[in-house]
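A quick write-up on the structure given underneath.
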Amino acid sequence: MEKKWWQTAVGYEIYCKSFCDSDGDGIGDLRGVISKLPMLKDLGVTCIWFAPLYVSPQADNGYDVADYEAINPDYGTMEDFKELLDLAHSMGIRVIMDMVLNHSSDEHRWFQESRKSKDNPYRDYYIWRPAKADGSEPNNWGSYFREGNGSAWQWDEVAGEYYLHQYGIKMPDLNWECQALREEIYGMLNRWLDFGIDGFRLDVITRLKKMPGFPDSTKKPEPKLDRNGFVVDRDMCTNVEGIHQIIRELNRRVFGREDCFTMGEGAGVNPTNAPDYILPERQELDSIYHFQLASRKGPRLTAEQFRTVQKSWAKVGEMGGTYIQYLSNHDSQRQVSQHGSDKAYRTRSAQLLGTLMHTTPGIPFIYQGEEIGMVNVRFDSIDDYNCCYTVGPYYAMLDNGFDPATALADVAQTSRDNARTPYQWNAQKNAGFTDGKPWLKVNPRYEEINLEADLAAEDSVFRYYQKLTALRREHPAIVEGNISFLLEEDPNVICYTRVCEKETLLIVANLSEEEVAFKLPESVKGGFSCLLRNVKEGIGLTGENELLAPWECAVFVAE
Ligand code: NOJ
Numbered sequence: 042m043e044k045k046w047w048q049t050a051v052g053y054e055i056y057c058k059s060f061c062d063s064d065g066d067g068i069g070d071l072r073g074v075i076s077k078l079p080m081l082k083d084l085g086v087t088c089i090w091f092a093p094l095y096v097s098p099q100a101d102n103g104y105d106v107a108d109y110e111a112i113n114p115d116y117g118t119m120e121d122f123k124e125l126l127d128l129a130h131s132m133g134i135r136v137i138m139d140m141v142l143n144h145s146s147d148e149h150r151w152f153q154e155s156r157k158s159k160d161n162p163y164r165d166y167y168i169w170r171p172a173k174a175d176g177s178e179p180n181n182w183g184s185y186f187r188e189g190n191g192s193a194w195q196w197d198e199v200a201g202e203y204y205l206h207q208y209g210i211k212m213p214d215l216n217w218e219c220q221a222l223r224e225e226i227y228g229m230l231n232r233w234l235d236f237g238i239d240g241f242r243l244d245v246i247t248r249l250k251k252m253p254g255f256p257d258s259t260k261k262p263e264p265k266l267d268r269n270g271f272v273v274d275r276d277m278c279t280n281v282e283g284i285h286q287i288i289r290e291l292n293r294r295v296f297g298r299e300d301c302f303t304m305g306e307g308a309g310v311n312p313t314n315a316p317d318y319i320l321p322e323r324q325e326l327d328s329i330y331h332f333q334l335a336s337r338k339g340p341r342l343t344a345e346q347f348r349t350v351q352k353s354w355a356k357v358g359e360m361g362g363t364y365i366q367y368l369s370n371h372d373s374q375r376q377v378s379q380h381g382s383d384k385a386y387r388t389r390s391a392q393l394l395g396t397l398m399h400t401t402p403g404i405p406f407i408y409q410g411e412e413i414g415m416v417n418v419r420f421d422s423i424d425d426y427n428c429c430y431t432v433g434p435y436y437a438m439l440d441n442g443f444d445p446a447t448a449l450a451d452v453a454q455t456s457r458d459n460a461r462t463p464y465q466w467n468a469q470k471n472a473g474f475t476d477g478k479p480w481l482k483v484n485p486r487y488e489e490i491n492l493e494a495d496l497a498a499e500d501s502v503f504r505y506y507q508k509l510t511a512l513r514r515e516h517p518a519i520v521e522g523n524i525s526f527l528l529e530e531d532p533n534v535i536c537y538t539r540v541c542e543k544e545t546l547l548i549v550a551n552l553s554e555e556e557v558a559f560k561l562p563e564s565v566k567g568g569f570s571c572l573l574r575n576v577k578e579g580i581g582l583t584g585e586n587e588l589l590a591p592w593e594c595a596v597f598v599a600e
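Have a look at this one:
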């Protein structure tokens, strides 16, 4: 079967707000992106995913959309976006847009209309419920963002009812039971495709369908998430029966269009339920990304976890499903800080993590800054933080008697701001991101970690990532090979082959800060030559006992 364009793609997520500011207002913008397209081309990127670019009051940095069909003026104009799109296409780079279909901003015109009266034509676009007899919330569901009293329901004076918001108070959930809303969304999505974009990243797409009847959750509140008895129960709105009918209709009306690529954010998706969303015959989504490796709060990745997760997803791949390989995005920590070593072995461990993502089956997505090994940040004051998963929980902890230093230490480690500090272009003022005052402080390590430095160095994360993307272009086994793991009991070493009709690749990686012994199993015969390695005099696959240096990795091809 002929391959779809996205199967060979190298993805790159741009968080525009923090990428490159061209006009000195401290906020990244589209003209900034335009000026950096050649850098993305050099890196080997073939598909950009833009985090939301639309008009938005920025309660959640654009995931609160106030107008799905207009560009946020801080980022530029529709003409800028068209210019960017055409230029990207001329350079062989596709562009997909983030689509937030679960909720809008409360400042969206639909919501403003909806709250006006029960017979307003937009009333049903959102989920309204009366108060209980005592005036309290319709049920005990808690919101993910922990704003206000912690409930997922917000009383609206104008409407005289509560509305549901799984996320922030300013992010009311859209009502997918309403056909008029669906039609409105199909029109909007089709207009974007007509405009020339190549597809969509679909925000929390598994959460569009809510549990019918809105029953109380019977789960116990998680100790730290609980507030006033409200329970964050993901099952009430995730993978709820009926979700597939919604996505199939989206596919019939929009996603099924030729060459349109969809990538679903797979909250609550695992290898067991993923096939229903992504097998081609289901006619729902083209791909999905899961959270089994890249969990913001998860511990450091282990070799065993990596093998288990990759093996279980490989089965989905064998069935014909496509999934995304990534370790970080705008919602996570910086991968080299969370899973690698951001001090002594920063470059080498960043190269190793990249190797794992670019040599396993699926579509690799790089998150901006990952390709230069950007690291987590630690600000001294909560006032320097922006992310609602950081600020809300911080004040909730203070309310619960924690002292400020403990609360800050707790929320800083997993803050999404770790990934959102401005891109580090060079060692000059504000890391070359802006001439003005950046909307979020620059990471203090910018003098050491920046693109200019990486380009000047022979051995850098950027130079290595270029070689990874070249491997994908030049070696068919990277895209189509089966994966089999060797040395499956090893606590530190990850070793696997990728085999297709034309070639066999073998990948070795030491996921630890220690030197470890390595011996190729006797079952593996024949000579290998090295395609890429991150340690100069590294292992040679001699079959003898060898030593792998800390964070050493290498990619070999069978001769
Ligand atoms: C997932 C997005 O990636 C995240 O940034 C956002 O806060 C939530 N969905 C809500 O839209």
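Counting in the numbering used here, the sequence shown runs without a single skipped number right up to 600 at its last residue.
For every residue, glycine included, the Cβ atom is placed at its ideal position computed from N, Cα and C.
Worksheet entry | Segment limits, beta strand (DSSP E) that includes Trp194 | 194 to 197
Practice prompt. Can you tell me which of Thr431, Asp197, Arg187, Ala437 puts its alpha carbon nearest to the alpha carbon of Met171?
Written response: Per the sequence shown, the amino acid found at residue 171 is Pro instead of Met. It is Asp197.
Worksheet item: Would Gly410 be called buried (16 or more neighbouring beta carbons within 10 Å of its own) or exposed?
Response: buried
Discussion item. Closer than 7 Å to a non-hydrogen atom of the ligand NOJ - does that hold for the CB of Val614?
Written reply: For residue 614 there is no data in the structure shown, the boundaries of the chain being 42 and 600.
Worksheet entry | Close beta carbons around Tyr435, own chain, < 6 Å, minus the five adjacent residues each side | Ile423, Ala448, Val452
Practice prompt. Only counting runs of 3 or more residues, tell me where the beta strand (DSSP E) segments fall wholly within the region 112 to 145, in order along the chain.
Written response: 135 to 140
Worksheet item: Beta-carbon separation of Val136 and Leu126 under 8 Å?
Response: yes
Item to complete: Grab the span of the alpha helix (DSSP H) containing Pro79 for me, first residue to last.
Response: 71 to 84
Worksheet item: Which same chain residues, not among the five before or five after Lys82, have their C-beta less than 8 Å away from its C-beta?
Response: Met132, Gly133, Ile134
Discussion item. Which runs of the alpha helix (DSSP H) at least 4 residues long sit entirely within the region 271 to 355? Give them in chain order.
Written reply: 284 to 291, 315 to 319
Item to complete: Name the one or two DSSP bridge partners that Ile55 has.
Response: Phe91
Fill in: 6 Å Cβ shell around Gly191 - same chain, five flanking residues per side excluded
Gly183, Arg268, Asn269, Phe271
Fill in: Within the region 512 to 591, ranges of the beta strand (DSSP E) (whole runs, at least 3 residues)
523 to 527, 534 to 540, 545 to 551, 557 to 559, 569 to 574, 587 to 589
Worksheet item: Quick one: what's got a C-beta closer than 8 Å to Glu530's C-beta in the same chain, skipping five residues either side?
Response: none
Discussion item. For a test of your reading of the model: does the CB of Tyr435 fall under 7 Å from any non-hydrogen atom of the ligand NOJ? Yes or no.
Written reply: no
Worksheet item: Helix, strand or coil: how does DSSP classify Trp233 here?
Response: helix
Fill in: C-beta contact flag for Asp63 and Gly73 at 8 Å
The amino acid occupying residue 63 in the given sequence is Ser; Asp does not appear at that position. The answer is yes: Cβ separation under 8 Å.
Worksheet item: So which of Ala107, Asp105, Val106, Val96 has the shortest CA-CA distance to Met119?
Response: Val96
Worksheet item: Tell me, which residues are paired with Trp169 by DSSP?
Response: Tyr204
Worksheet entry | Asn280 to Gly309 span [Cα, whole Å] | 7 Å
Fill in: Three-state secondary structure assigned by DSSP to Trp46
helix
Item to complete: Grab the span of the alpha helix (DSSP H) containing Val432 for me, first residue to last.
Response: 429 to 440
Worksheet item: Among Lys470, Met398, Asp300, which has the Cα closest to the Cα of Glu43?
Response: Asp300
Worksheet item: How long is the line joining the alpha carbons of His144 and Ala221, rounded to whole angstroms?
Response: 15 Å
Worksheet item: Does the beta-carbon of Glu359 have 16 or more other beta-carbons within 10 angstroms, so that it is buried, or is it exposed?
Response: exposed
Discussion item. Mapping the DSSP letters down to three states, classify Asp495 as helix, strand or coil.
Written reply: helix
Worksheet item: Any idea if Ala391 is buried or exposed, counting beta-carbon neighbours within 10 angstroms, 16 or more meaning buried?
Response: buried
Fill in: Own chain residues within Cβ distance below 6 Å of Pro603, not counting five before or after
Missing from the structure shown is residue 603; the chain here goes from 42 to 600 and no further.
Worksheet entry | Residue burial classification, Trp41 (beta-carbon count within 10 angstroms, cutoff 16) | Residue 41 lies beyond the residue range present for the chain, which begins at 42 and ends at 600; the question has no answer from this structure.
Fill in: CB contact flag (His331, Ala92, <8 Å)
no
Worksheet item: Is the region 314 to 331 touching the region 348 to 362 in the sense that three or more CB pairs, one from each, lie closer than 8 Å?
Response: yes
Worksheet item: Quick one: complete beta strand (DSSP E) runs, 3+ long, within the region 392 to 433?
Response: 404 to 408
Worksheet item: With respect to 7 Å, is the separation between the Cβ of Tyr208 and the closest non-hydrogen atom of the ligand NOJ below this value?
Response: yes
Worksheet item: Is it the case that the Cβ atoms of Thr396 and Val596 are separated by a distance below 8 Å?
Response: yes
Worksheet item: From this set, Val502, Leu546, Asn311, which residue's C-alpha is nearest Gly522's C-alpha?
Response: Leu546
Discussion item. For Asp458 and Pro562, what's the separation of their Cα atoms in angstroms?
Written reply: 43 Å
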